[in-house]
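Every letter in the sequence shown is one number past the one before it in this note's numbering, and letter 116, counting from 1, is 116.
Where is the CB? At the ideal position from N, CA and C, for every residue including glycine.
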Amino acid sequence: MNDNTTEEESSASELPSGRLSDFAYSSIKEQLTRGVYKPGHKLPIRSVAEMLKVGATPAREAINRLVFEGALVMVGPKTVIVPHLDLAALYEATQMRLALEGLATERGTLCATNDVVDKLLALQEKITLSLDEKRYSDALHDNKEFHFTIYRLCEMPHLLSTIEALWLRVGAAFHDLYPEFAEAKYGVHNHLAAIEALVDKDPSAVRAAMENDIRDGYRRLKKAAQERLKRE
């Protein structure tokens, strides 16, 4: 591997052709759930193929899967966009998140070790620094890892895959949280409350903190969606 080749590009080049579409799908999916793309962002098939160092066919197959799942919307024969969530879709996704992420949090609390707590504290420190420096994409990246570090403790793979699917739908919308959400420090307070409750081994308190995080985010996202409707 030369100095200009990323680990992702190297791994793509080593895959058999039959698995390249799976690689492309997983890569785009991860970027969507981490909020790499903003709503309205165009993803031309050629650009996706070049970015992931795969051919047009694997890129097209991956994009078609994501269109079928509702994570992307086709706007032309060769171009898709990351959709904006309307108010109804945002409300539905939020209600599902409260139920499913709350369940995962509560079920996994007693499995939290000191190492998990240390990881969460380190992630939160990175998130806070990113917010202070207005590096919102970095904050979103670490925010997802913070949440799923807690959710994975439940050891319920089907539940986790459903939560992942929800984040796939709403991940891009998280950009609308900022800068207001960062300035108010809602997420920081909720995350620290969750960590404190994990240390105390209090499932209900951890769930409450994470649900508060979802609700606070929903209020900001709803406001952004309403403002967008007025402009349209």
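Among Leu43, Leu66, Pro39, which has the Cα closest to the Cα of Ser21? Numbered from its first residue, the sequence shown carries residue 21 at position 21. Looking from the CA of Ser21, the closest CA among Leu43, Leu66, Pro39 belongs to Leu66.
The stretch 197-208 touching the stretch 173-180, judged by at least three CB pairs closer than 8 Å: Using a Cβ-Cβ distance cut-off of 8 Å, the stretch 197-208 and the stretch 173-180 are not in contact, since fewer than three pairs of beta carbons, one from each stretch, lie closer than that value.
Hey, out of Gly40, Val82, Thr94, Phe148, whose CA is closest to Glu69's CA? Along the sequence shown, one-based indexing puts residue 69 at 69. Of the listed residues, the one whose Cα sits closest to Glu69 is Val82.
Any idea what DSSP makes of Thr128, helix, strand or coil? Taking the first residue of the sequence shown as position 1, residue 128 is located at position 128. Here Thr128 sits in helix by DSSP.
Quick check on Gly217: does DSSP put it in helix, strand or coil? The residue you call residue 217 lines up with position 217 of the sequence shown. Assigned with DSSP and collapsed to three states, Gly217 falls in helix.
Leaving out five residues before and five after Lys144 in sequence, what residues of the same chain have Cβ atoms less than 8 Å from its Cβ? Here the question's residue 144 lines up with position 144 in the sequence shown. Spatial neighbours of Lys144 in its own chain (CB-CB distance under 8 Å, excluding positions within 5 residues in sequence) are listed in chain order as Thr33, Arg34, Gly35, Trp167, Gly171.
Quick check: what's the CA-CA separation for Arg19 versus Ala205? Residue numbering aside, residue 19 sits at position 19 when the sequence shown is read from its first letter. Residue numbering aside, residue 205 sits at position 205 when the sequence shown is read from its first letter. So the two alpha carbons sit approximately 43 Å from each other.
Name the DSSP beta bridge partners of Thr79, please? Looking up residue 79 in the sequence shown gives position 79. Answer is Pro44.
Note down, one range per segment and in chain order, each beta strand (DSSP E) of at least 3 residues found wholly within the stretch 140-166. Whole beta strand (DSSP E) segments, 3+ residues: zero.
Contact the stretch 205-224 vs the stretch 92-102: 3+ CB pairs below 8 Å: Contact between the stretch 205-224 and the stretch 92-102 is present, because at least three Cβ pairs lie under 8 Å.
Sequence-distant residues of the same chain with beta carbon closer than 7 Å to Gly40, five excluded per side: The residue given as residue 40 occupies position 40 in the sequence shown. Cβ neighbours of Gly40 beyond the five flanking positions: Ile81, Val82, His84.
Hey, out of His191, Tyr151, Val116, whose CA is closest to Leu100's CA? Stepping through the sequence shown from its first residue, residue 100 is reached at position 100. Among His191, Tyr151, Val116, the Cα nearest to that of Leu100 belongs to Tyr151.
My understanding is that Ala71 touches Arg169, with C-beta atoms under 8 Å, so please give their C-beta distance in whole angstroms. Position 71 of the sequence shown holds residue 71. Position 169 of the sequence shown holds residue 169. Going by Cβ atoms, the distance from Ala71 to Arg169 rounds to 6 Å, so yes, they are a contact pair.
Contact check, Ala112 vs Leu153 under 8 Å by CB: the rounded distance? Translated into positions along the sequence shown, residue 112 becomes position 112. Translated into positions along the sequence shown, residue 153 becomes position 153. That pair is a contact at about 6 Å.
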